[in-house]
Amino acid sequence: MSNGTFPISLRDMKFVLYEQLGIERLCQFDKFKDFSRETFDMVLEEGAKLAAEVIAPLNSVADKEGCIFEKGRVKVPQAFHDAFKKYSEGGWIAASVDAEAGGQGLPESVALATAEMFVAACCSFTTYPGLTRGCANLIQSFGTPEQKAFYLEKMYSGQWTGTMCLTEPQAGSAVGDVKCQAKKEGDHYLINGTKIFITAGEHNLAENIIHAVLARTENAPPGTKGLSLFIVPKIRINGDGSLGEPNDVNCGGIEHKMGIKGSSTCTLNFGDNGKCHGYILGQENQGIQLMFQMMNEARLGVGLQGFALGNLAYLYALKYAKERIQGVEITKLRDPNAPRVPIIKHPDIRRTLMTMKAYAEGLRALIYRSAYYADLAKVATDLKEKEYCENMIDLLIPVVKAYSTDIAFRMTEWAIQVHGGYGYCGEYPVEQLCRDVKITSIYEGTNGIQAMDLVGRKLSLKKGALVMGWMKEVNEFIEKHRAHPTLGSFMAQLEQAKNTLVNASMHFAKTAASGDPLYPMLHACPYLEMFGEVELAYLLLDQAIIAQDKLQAIFEKAGAATPEAQAKVIEDQADAAFYSGKIHAAEFFVTNILPQVQSRATTILGGNRSALAIPEAAF
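Numbering (our numbering), first residue to last: 576 to 1194.
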């Protein structure tokens, strides 16, 4: 489970990548022909080593020291500097970027697995390379040849870093209300405006920071249609690539946050002196269009960020429950001389840990699967497969972002509960994880916005083709395994939950068609949770089917024909224990968590409009 003192779920990561998804198939395509399972394993092992030995030691330091703001400059925790140098030199910023652009060219699914380890090790540290990659990818996708030559090598190498500058004080998540101005002047634009909540907006990790800024050109139409995207360096760059004079980009302060304190969250003022030069990316009024093309990548990353912290909280809780001696077994409560036992022996602790385990393994499958769809969408030669993968990404991304981060926060809460009073104290890591993870349900589009996207856009997109394709996949899985000798009965429960979700979807469609768009939006968040629960039940049962076959093969090899003999094999062999855990996790989720779909559907179909009907004065 662990590498040193930092726990990593490397066995489960490999199970999802190889045994569930079969990502070795990617090596059959030209884009990934130089890779193999052996090289993927090497990458994962190197990532685990970097996470455990270099990045994980930063976490508590980052929380205690935070960032320091002095006279417009930001200092990050001192320990970040050496770690950032090692991270950059290892090529991790551009792990999934094409080799031609200076990257390692890894599949997104493999790069994402390494990112899980890095984020869990120190979330606030990874915001700096993460934002750099996002900004550089925009330039890689939409920049001119000159812009790519100017920026990419230095950004992907970590010599320069990057940001995404969207949010403004009056706009928040309403991006269409952005007021930042861009006035054309020769070969550049003069940028003027203020952006807030800019992650990694100012720091001393790199010699320059490249900002991707949404702004309005003169006479641009109102709303999102009038937004353009600009490259705005903190320090201007001379024609030969060397650094020139400051570019009139100033940090007005940093936020004092609940968590991720080692990540500088800045207010940036552009053009206070009328000298901020920006260079357009793409064409005028294409800004939101360009941003949307990168949105799936960003939201997948935030979903991973939340999950990684929730999973780490589970691993810490599991370790603590096995070591903490307290109380006696329930069956021996009346015996004053009964031996004290680890708290993992107590039923409620086991239920809590099982809940966390099921969610952790299901969310990992959901997130990795989405990354694998992205890989296949790039390389598939079958146009139908390519379209299907793109459809699944579009459908699942709001679920990845919102469901993963909501559940992750609860997982950190449950981890604190397992620790008892110690979990509430800073000496134990779960207290920090709870604070650090909360932001993930807020930024990159709050989870309410993700739910509105799912219900308001994705269900009806392409005349319902996305959700119909997803239903077909789940239906085929159910039919294939309906008669499974040990897991068949759980297929019926999955089918019932899936049908309930479909009924809720149809109810939304009818309600909206009748001229009532408010009611579906009122219940968009509960609906997204329903979708997440059905999807996780499907993925966990898929894992259980695989695990059952592998476990049976282990039993046969060991000659274990009786329950007693099989229990001994599970106790003695790590792989047998792992596969047994997969089966139990799926059964637990289907019988203990999936039934919540029915209660949420009852509420949605009930038609109560109290939250809409109540006068504002009555709140």
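C-beta: ideal position from N, C-alpha, C; glycine also.
Nearest-angstrom Cα distance between residue i and residue j?
{"i": "V1172", "j": "V1165", "result": "11 Å"}
{"i": "S577", "j": "I583", "result": "Legend: pLDDT at S577 = 35, less than 50; position of this residue unreliable, value from coordinates given subsequently. Using only the alpha carbons, I get a separation of about 5 Å."}
{"i": "A711", "j": "P1101", "result": "36 Å"}
{"i": "A935", "j": "A990", "result": "12 Å"}
{"i": "A670", "j": "M730", "result": "13 Å"}
{"i": "L1062", "j": "L1114", "result": "13 Å"}
{"i": "E1110", "j": "L1180", "result": "21 Å"}
{"i": "F615", "j": "L681", "result": "8 Å"}
{"i": "H1159", "j": "T580", "result": "27 Å"}
{"i": "N1183", "j": "P1092", "result": "14 Å"}
{"i": "L1069", "j": "A940", "result": "17 Å"}
{"i": "L741", "j": "A896", "result": "43 Å"}
{"i": "A1151", "j": "M929", "result": "18 Å"}
{"i": "A1088", "j": "A781", "result": "53 Å"}
{"i": "I812", "j": "I784", "result": "11 Å"}
{"i": "I1120", "j": "E691", "result": "25 Å"}
{"i": "L887", "j": "P1190", "result": "43 Å"}
{"i": "E1162", "j": "L1116", "result": "8 Å"}
{"i": "R926", "j": "K932", "result": "10 Å"}
{"i": "I806", "j": "P1060", "result": "59 Å"}
{"i": "A1026", "j": "A1128", "result": "42 Å"}
{"i": "E960", "j": "A949", "result": "11 Å"}
{"i": "E728", "j": "Q715", "result": "10 Å"}
{"i": "N871", "j": "I972", "result": "6 Å"}
{"i": "I630", "j": "G834", "result": "17 Å"}
{"i": "R1175", "j": "K589", "result": "34 Å"}
{"i": "L958", "j": "E1139", "result": "51 Å"}
{"i": "M1096", "j": "G1031", "result": "7 Å"}
{"i": "C755", "j": "N767", "result": "6 Å"}
{"i": "T738", "j": "Y1094", "result": "37 Å"}
{"i": "L1216", "j": "F882", "result": "Residue 1216 falls outside the range modelled here, since the chain spans only 576 to 1194, and no answer is possible."}
Where does residue i fall in DSSP's three states?
{"i": "V916", "result": "coil"}
{"i": "Y999", "result": "helix"}
{"i": "V993", "result": "helix"}
{"i": "C851", "result": "coil"}
{"i": "T774", "result": "strand"}
{"i": "S671", "result": "coil"}
{"i": "F1194", "result": "coil"}
{"i": "V1144", "result": "helix"}
{"i": "L890", "result": "helix"}
{"i": "S1174", "result": "helix"}
{"i": "S1035", "result": "coil"}
{"i": "P808", "result": "strand"}
{"i": "R899", "result": "coil"}
{"i": "A781", "result": "coil"}
{"i": "T689", "result": "helix"}
{"i": "H763", "result": "strand"}
{"i": "G1044", "result": "helix"}
{"i": "T987", "result": "helix"}
{"i": "H786", "result": "strand"}
{"i": "L856", "result": "strand"}
{"i": "R874", "result": "helix"}
The beta strand (DSSP E) that contains residue i, what's its start and end?
{"i": "T842", "result": "T840 to F845"}
{"i": "P632", "result": "P632 -> no beta strand (DSSP E), and no H or E assigned at all."}
{"i": "T927", "result": "Looking at the DSSP string, T927 is not in any beta strand (DSSP E); the run it does join, the alpha helix (DSSP H), is P922 to V954."}
{"i": "N825", "result": "V824 to I829"}
{"i": "P821", "result": "L818 to P821"}
Name the two residues that bound the continuous alpha helix (DSSP H) containing residue i.
{"i": "M1081", "result": "G1063 to A1088"}
{"i": "E1022", "result": "A quick correction: the sequence has Asn, not Glu, at residue 1022. Run containing N1022: N1022 to D1028, per the alpha helix (DSSP H) assignment."}
{"i": "L1187", "result": "S1185 to A1188"}
{"i": "D1011", "result": "P1004 to V1012"}
Requested in this report: Report yes or no: do the stretch 1076-1085 and the stretch 1105-1117 share at least 3 C-beta pairs separated by less than 8 Å?
Outcome: yes
Report task. Answer yes if the stretch 635-642 comes into contact with the stretch 597-617, meaning at least three C-beta pairs across the two stretches below 8 Å, and no otherwise. Result -> no
Requested in this report: Examine the Cβ distances between the stretch 1039-1051 and the stretch 960-972 and report whether three or more of them are shorter than 8 Å.
Outcome: yes
Report task. Taking 8 Å as the threshold, find out whether the stretch 999-1013 comes into contact with the stretch 903-911 through three or more Cβ pairs. Result -> no
Requested in this report: Check whether the stretch 871-879 touches the stretch 969-981, counting contact only when three or more Cβ pairs, one atom from each stretch, lie closer than 8 Å.
Outcome: yes
Query raised in the report: Counting Cβ pairs closer than 8 Å, one from the stretch 817-836 and one from the stretch 982-997, do we hit at least three?
Result: no
Query - Contained alpha helix (DSSP H) runs [length at least 4] in the stretch 700-759, N- to C-terminal order - result: 720-731
Report task. Jot down the residue ranges of each uninterrupted alpha helix (DSSP H) in the stretch 583-656, minimum 4 residues, whole runs only, in chain order. Result -> 585-589, 612-625 and 633-640
Report task. Mind listing, in chain order, the continuous alpha helix (DSSP H) runs of no fewer than 4 residues lying wholly within the stretch 1085-1172? Result -> 1093-1097, 1099-1133, 1138-1147 and 1149-1163
Query raised in the report: Between the stretch 850-857 and the stretch 751-771, do three or more beta carbon pairs fall short of 8 Å?
Result: yes
Query raised in the report: Does the stretch 715-724 touch the stretch 741-752, meaning 3 or more C-beta pairs lie closer than 8 Å?
Result: no
Query raised in the report: Is the stretch 684-698 touching the stretch 819-833 in the sense that three or more CB pairs, one from each, lie closer than 8 Å?
Result: no
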